[in-house]
Structures are given as C-alpha cells and as structure tokens.
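Working notes, beginning with the structure itself.
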Amino acid sequence: MKIMLQMMLMVVLVLGTTKAKADSLSAIEAFSSIFPVGTYQGLTEKGEACTLTVKLDIINDLAVTISNPKTHESISHFINQNLDFYFHPELSQFTQTMKIVLDPSSNVFTSNIIRTTLSENDAIHAEISKTIVFNTYTETKNLSCLVRK
Numbered sequence: 004m005k006i007m008l009q010m011m012l013m014v015v016l017v018l019g020t021t022k023a024k025a026d027s028l029s030a031i032e033a034f035s036s037i038f039p040v041g042t043y044q045g046l047t048e049k050g051e052a053c054t055l056t057v058k059l060d061i062i063n064d065l066a067v068t069i070s071n072p073k074t075h076e077s078i079s080h081f082i083n084q085n086l087d088f089y090f091h092p093e094l095s096q097f098t099q100t101m102k103i104v105l106d107p108s109s110n111v112f113t114s115n116i117i118r119t120t121l122s123e124n125d126a127i128h129a130e131i132s133k134t135i136v137f138n139t140y141t142e143t144k145n146l147s148c149l150v151r152k
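Sequential numbering of the sequence shown, starting at 4, is according to this note's numbering.
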C-alpha cells in the first residue's frame, strides 16, 4: 500500500477550506498567535503525556507535530500560507484542511486536518487528523494533545 501511494503522489492537487481571516493575518501568523514556534507538553484524552512541536520548515511553512511517546505515534501537518484557513482568535480556534487528490478519475486522496480550540481552564486542545481513501478502503489516524499555556 505504501509503495502504491508513493507512486500515486506524482499527480497532486491541493485544495483548501474556506478562508476566514481575522485582521488579514496569514495562516502562519494566525496559528503562531495560538502556538508560537516551540515545544509544548500536554496530555492526551487518555491522560498520557504528549508533545506538540511547532517548527518553521525550509519553505517558511509551519511544521506542527503531535506525538505520544508512550505509543510511539506521531502525526504532522504543515500550516501552508497558500491554503485557506478558519481563525477565531478569542476562542483560540484554528482549522486548516489540505486535500491531496492522487487520482482524479477515481476516489483516491488523502486529507489532512489540523484543529485547535480553547478548552476548560485556559487549556488549548490541538488535534491533527489524516485520512487516506483508496476507492472503498479508508484509514484515519488522529492524535490530540491538551496543552495548558
């Protein structure tokens, strides 16, 4: 399956969500107002330790990774300047979706979503979700981290 997906990445189409910019901020500025570049410790929904890492990548996008050291899982999303996003600063809400169509003639694509929202006690819930769809086969992976700032 991995080799098949790598071969299919030759045909790529990127689509975004509806843009809702507050004060004309870029996607990177909006996300950085919630989580500036750095490493944050938090808890998963099961109460396990998790880490949220925000780094500036080579092409000036933000690379955001949520990892769970206990299960050795990690999942990443790139905050892309060219994709639309939703931002509500008062609630620390940020959402960006990236859909990569691997084969436009059939139902083959990946979808990556990052979401943040204000939770109780001024904690921020961050979640990254990746879905791979290959005709009737679907695989989804989610990781979330509750970070107290």
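Note that CB positions come from ideal geometry on N, CA and C, so glycine has one too. If you're wondering where the values come from, they're calculated on a predicted model, not measured in any experiment.
Tell me the DSSP bridge mates of residue i?
i      : result
Ile82  : Leu65
Ser132 : Ile116 and Asn145
Phe180 : As displayed, the chain neither begins before 4 nor continues past 152, which places residue 180 out of reach and without an answer.
Ala33  : Ala33 is not bridged to any residue.
Phe90  : Phe97
Using a threshold of 7 Å, state whether the C-beta atoms of residue i and residue j are closer than that.
i      : j      : result
Ile37  : Thr143 : no
Leu59  : Phe34  : no
Asp108 : Thr134 : The displayed chain sequence assigns Ser, not Asp, to residue 108. The answer is no: Cβ separation not under 7 Å.
Thr56  : Thr68  : yes
Ile31  : Ile82  : yes
Whole angstroms is fine: what's the gap from residue i's alpha carbon to residue j's?
i      : j      : result
Thr139 : Asn110 : 8 Å
Thr54  : Lys152 : 13 Å
Val104 : Phe112 : 4 Å
His80  : Tyr89  : 15 Å
Asn85  : Cys148 : 26 Å
Val40  : Asn124 : 22 Å
Ser70  : Ser132 : 12 Å
Asn145 : Met101 : 15 Å
Thr98  : Leu46  : 20 Å
Within 10 angstroms of the Cβ of residue i, are there 16 or more other Cβ atoms? Answer buried if so, exposed if not.
i      : result
Gln44  : exposed
Ala52  : exposed
Ile6   : Low local confidence applies: a pLDDT of 31 at Ile6 is under 50, so the model's placement there is unreliable, with the coordinate-based value given in what follows. Burial call: exposed.
Ile117 : buried
Leu12  : Unreliable positioning characterises Leu12 in this predicted model, as indicated by a pLDDT of 30, which lies under 50. A coordinate reading is not provided.
Leu94  : exposed
Glu130 : buried
Thr42  : exposed
Ile61  : exposed
Ala25  : Because the pLDDT at Ala25 is just 45, under 50, the model does not fix this residue reliably, and the point stays unresolved.
According to DSSP, is residue i helix, strand or coil?
i      : result
Asn145 : strand
Leu28  : coil
Asn115 : strand
Asp60  : coil
Asp125 : helix
Glu76  : strand
Val150 : strand
For chain C, check one thing: does any of its Cβ atoms lie closer than 7 Å to the Cβ of residue i?
i     : result
Thr98 : In summary, chain C is missing from the structure at hand, where a single protein chain is found.
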